[in-house]
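Residue numbers (my numbering), protein chains in the order written: chain H, 4 to 260; chain Y, 3 to 287.
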């Protein structure tokens with residue numbers, strides 16, 4: 004009998020047995036999950052859950068102490084350059100140069116990826132058009148609103164055409180409309196462009212029923228899968244209740260003698 | 003049915019032209035930042051000019067300088083301290099660039115640089131080159147003003163001194179970068195600067211020749227001899243008169259390499275102090 008061979012893309016992110024300590028404090032404990040390409044995955048956790056540490060490991064700001072992280076099959080520790088070329092990053096803190104113009108920030112980012120001036124400028128125009136910021140291209144970043152700055156950061160993350168976009172609490176400090184705009188825009192990137200997204204947040208209302216969700220609490224993954232699967236596994240009626248049950252259950256297990 | 007993971011075509015490394023683009027981008031950004039901080043440029047010039055116009059004029063009669071290489075005649079005290087003041091500009095510039103690295107790290111901008119797919123050693127070296135490049139117009143502006151004050155070096159000396167300024171600028175920038183890597187907060191680094199800039203400047207041959215120091219205190223003389231800033235000053239002093247001080251060249255070159263390697267290791271995610279402390283991550287949660 005002939006065996007049929009099917010080729011599938013490697014996971015956009017594959018995290019296996021990752022642990023990380025700051026001195027004696029364990030920030031991540033045996034974290035394992037993977038994200039299928041072209042999905043919107045939400046890393047859901049309270050403040051201090053370990054989301055930013057995980058982001059720092061994925062983007063190689065920190066070295067991995069234990070475990071492996073692969074981006075589309077490329078090991079971030081051993082093939083970091085290849086892996087980082089496939090990632091667009093939006094950090095929790097603002098990382099734009101306030102005294103430079105929008106387009107100067109973008110062309111600087113292009114240069115950091117070895118993209119020349121003319122190509123960088125063309126790409127900057129393209130991503131600014133997509134993020135509806137073309138009219139602010141020559142404005143100093145300092146003069147933009149919080150929501151516009153975030154859009155510039157997303158535009159910057161897209162400039163080198165990454166396959167994976169990782170965003171660490173990108174809507175923190177934004178008003179409701181800006182939050183909805185940014186969330187909607189990033190979701191469209193998944194649907195229209197087939198981008199893979201890892202979106203870290205502590206805001207449950209940013210989770211949609213179509214998303215993949217990873218519940219991270221006190222450095223450990225409590226649940227991973229589609230929203231319906233996580234809700235079902237927690238025996239809850241919605242993701243909000245499921246999240247509360249899972250985290251409270253984990254806290255109770257730790258406190259129990 | 004068998005499932006096989008797709009393999010993406012292996013990406014090639016960066017071409018030399020891409021490294022050049024990256025370097026140019028980092029230098030350009032440092033230059034723009036410098037232009038936006040006009041007061042920094044003014045402060046960089048006022049400081050040595052105060053030393054030159056006021057301090058040196060006042061001490062001209064007190065601190066006579068005998069004929070010592072590379073000078074072939076008696077010289078005015080202002081002439082003697084000019085190389086030291088050029089290096090003072092570079093010293094402050096190096097520390098200021100590093101201060102901006104600490105600021106960038108606290109504010110998060112540094113992460114943009116560090117998540118670039120370019121090798122980290124290259125990114126840090128480019129940052130160092132950018133800081134040094136910014137110091138050069140400051141030094142030449144100072145030399146131009148000094149020239150109007152009739153402090154003149156041989157015409158070719160102004161060109162010959164350029165490589166020496168590049169090397170000394172790199173050394174002082176690398177020292178600052180190393181310091182910035184071990185400093186957790188902006189305030190700590192600002193304090194550390196005071197413990198570096200002033201001792202380095204005063205315990206050197208910038209303001210007085212070392213034979214005079216030896217007469218006053220042999221111990222201080224040895225401290226001055228061990229101070230890399232002394233050698234940077236002498237390298238520039240000789241270069242300004244179209245000569246090479248080989249010992250100073252070796253010391254400055256060696257210290258540049260040493261400080262640079264130290265800074266690269268310190269910023270390495272697997273070995274550096276930043277990783278041990280959980281930076282840059284803003285709390286590390």
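For each residue, glycine too, the CB sits at the ideal point set by N, CA and C.
Keep in mind that this is a model prediction, so the values were computed, not measured.
Whole angstroms are fine: how far does the CA of residue j sit from the CA of residue i?
i, j, result
"residue 120 (chain Y)", "residue 126 (chain Y)", "10 angstroms"
"residue 2 (chain Y)", "residue 183 (chain H)", "Outside the shown range of chain Y, which is 3 to 287, sits residue 2 (chain Y), and nothing can be said about it."
"residue 12 (chain H)", "residue 251 (chain Y)", "55 angstroms"
"residue 163 (chain Y)", "residue 238 (chain Y)", "6 angstroms"
"residue 159 (chain H)", "residue 112 (chain H)", "7 angstroms"
"residue 284 (chain Y)", "residue 53 (chain H)", "Residue placement at residue 284 (chain Y) is poorly supported in this model, since its pLDDT is 37, which falls under 50; the coordinates are not used for a value here."
"residue 158 (chain Y)", "residue 73 (chain Y)", "15 angstroms"
"residue 228 (chain H)", "residue 14 (chain H)", "14 angstroms"
"residue 156 (chain Y)", "residue 34 (chain Y)", "32 angstroms"
"residue 256 (chain Y)", "residue 263 (chain Y)", "11 angstroms"
"residue 123 (chain H)", "residue 83 (chain Y)", "46 angstroms"
"residue 110 (chain H)", "residue 129 (chain H)", "12 angstroms"
"residue 197 (chain H)", "residue 238 (chain H)", "32 angstroms"
"residue 21 (chain Y)", "residue 166 (chain H)", "22 angstroms"
"residue 267 (chain Y)", "residue 180 (chain Y)", "9 angstroms"
"residue 134 (chain Y)", "residue 16 (chain H)", "39 angstroms"
"residue 43 (chain H)", "residue 174 (chain H)", "16 angstroms"
"residue 20 (chain H)", "residue 220 (chain H)", "15 angstroms"
"residue 220 (chain Y)", "residue 229 (chain Y)", "14 angstroms"
"residue 225 (chain H)", "residue 23 (chain Y)", "44 angstroms"
"residue 40 (chain Y)", "residue 140 (chain Y)", "12 angstroms"
"residue 254 (chain Y)", "residue 110 (chain Y)", "32 angstroms"
DSSP puts residue i in a beta bridge; with which residues?
i, result
"residue 74 (chain H)", "H:16 and H:77"
"residue 246 (chain H)", "None, per the DSSP bridge assignment."
"residue 188 (chain H)", "DSSP lists no partner for residue 188 (chain H)."
"residue 27 (chain Y)", "Note: residue 27 (chain Y) sits in no beta bridge, so no partner."
"residue 223 (chain H)", "H:220"
"residue 23 (chain H)", "H:31"
"residue 203 (chain H)", "H:46 and H:171"
"residue 229 (chain H)", "H:215"
"residue 38 (chain H)", "H:16"
"residue 326 (chain H)", "An answer regarding residue 326 (chain H) cannot be provided, because it is not within the stretch 4 to 260 covered by chain H."
"residue 143 (chain H)", "H:104"
"residue 69 (chain H)", "H:22"
Cutting at 6 angstroms between CB atoms, please list the residues of its own chain near residue i, excluding the five before and the five after it.
i, result
"residue 350 (chain Y)", "Beyond the ends of chain Y as shown, which are 3 and 287, falls residue 350 (chain Y); an answer cannot be given."
"residue 101 (chain H)", "144 and 145"
"residue 85 (chain H)", "77"
"residue 119 (chain H)", "none"
"residue 225 (chain Y)", "205"
Does residue i pass the burial test, meaning 16 or more other C-beta atoms within 10 Å, or should it be called exposed?
i, result
"residue 248 (chain Y)", "exposed"
"residue 211 (chain H)", "exposed"
"residue 48 (chain Y)", "exposed"
"residue 38 (chain H)", "buried"
"residue 202 (chain H)", "buried"
"residue 38 (chain Y)", "exposed"
"residue 56 (chain H)", "buried"
"residue 101 (chain Y)", "buried"
"residue 27 (chain H)", "exposed"
"residue 148 (chain H)", "exposed"
"residue 50 (chain H)", "exposed"
"residue 214 (chain H)", "buried"
"residue 91 (chain Y)", "buried"
"residue 265 (chain Y)", "buried"
"residue 200 (chain Y)", "exposed"
Is residue i near the ligand PLP, in the sense that its beta carbon is under 8 angstroms from a heavy atom of that ligand?
i, result
"residue 233 (chain Y)", "No copy of the ligand PLP occurs in the structure displayed, which carries no ligand at all."
Can you name, in chain order, every residue of its own chain whose Cβ lies under 7 angstroms from the Cβ of residue i, other than the five neighbours on each side?
i, result
"residue 94 (chain H)", "171"
"residue 61 (chain Y)", "79"
"residue 25 (chain Y)", "128 and 131"
"residue 246 (chain H)", "47, 207 and 218"
"residue 69 (chain Y)", "75 and 76"
"residue 89 (chain Y)", "170, 208, 231, 234, 235 and 238"
"residue 152 (chain H)", "97, 99 and 144"
"residue 172 (chain Y)", "130, 134 and 258"
"residue 1 (chain H)", "The structure shown does not extend to residue 1 (chain H), since chain H spans only 4 to 260, so no value can be given for it."
"residue 269 (chain Y)", "122, 126, 183 and 276"
At 9 angstroms on the CB atoms, spell out the chain A contacts of residue i, in chain order.
i, result
"residue 62 (chain H)", "This model lacks chain A altogether; the protein chains it does include are H and Y."
Going along the chain, which residues of its own chain have a beta-carbon closer than 8 angstroms to the beta-carbon of residue i, five neighbours each way excluded?
i, result
"residue 142 (chain H)", "104 and 105"
"residue 209 (chain H)", "45, 174, 182, 186 and 202"
Check your understanding: For the region 80-104 of chain Y, which residues have a beta carbon sitting closer than 9 angstroms to at least one beta carbon of chain H?
Key -> From the region 80-104 of chain Y, no residue has a Cβ closer than 9 angstroms to chain H.
Point to revise | Members of the region 118-148 of chain H near chain Y, C-beta cut-off 9 angstroms | key: Along the region 118-148 of chain H, the positions whose C-beta sits under 9 angstroms from a C-beta of chain Y are 118, 119, 120 and 123, read in chain order.
Review point. Which of the residues in the region 88-112 of chain H, read from start to end, lie with their CB under 8 angstroms from any CB of chain Y?
Key: So the close ones are 88, 90, 92, 94, 95, 96, 97, 98, 99, 100, 102, 103, 107, 110, 111 and 112.
**Study point:** Interfacial residues, the region 21-36 of chain Y to chain H, with Cβ spacing under 8 angstroms
**Key:** For the region 21-36 of chain Y, the residues whose beta carbon sits under 8 angstroms from a beta carbon of chain H are, in order, 21, 23, 24, 26, 27, 28, 30, 31, 34 and 35.
**Study point:** Contact residues within the region 75-87 of chain H, judged by C-beta distance below 7 angstroms to chain Y
**Key:** Residues 75, 76, 84, 85 and 87.
Review point. Along the region 169-194 of chain H, what residues have a CB closer than 8 angstroms to any CB found in chain Y?
Key: Correct list: empty, as no residue qualifies.
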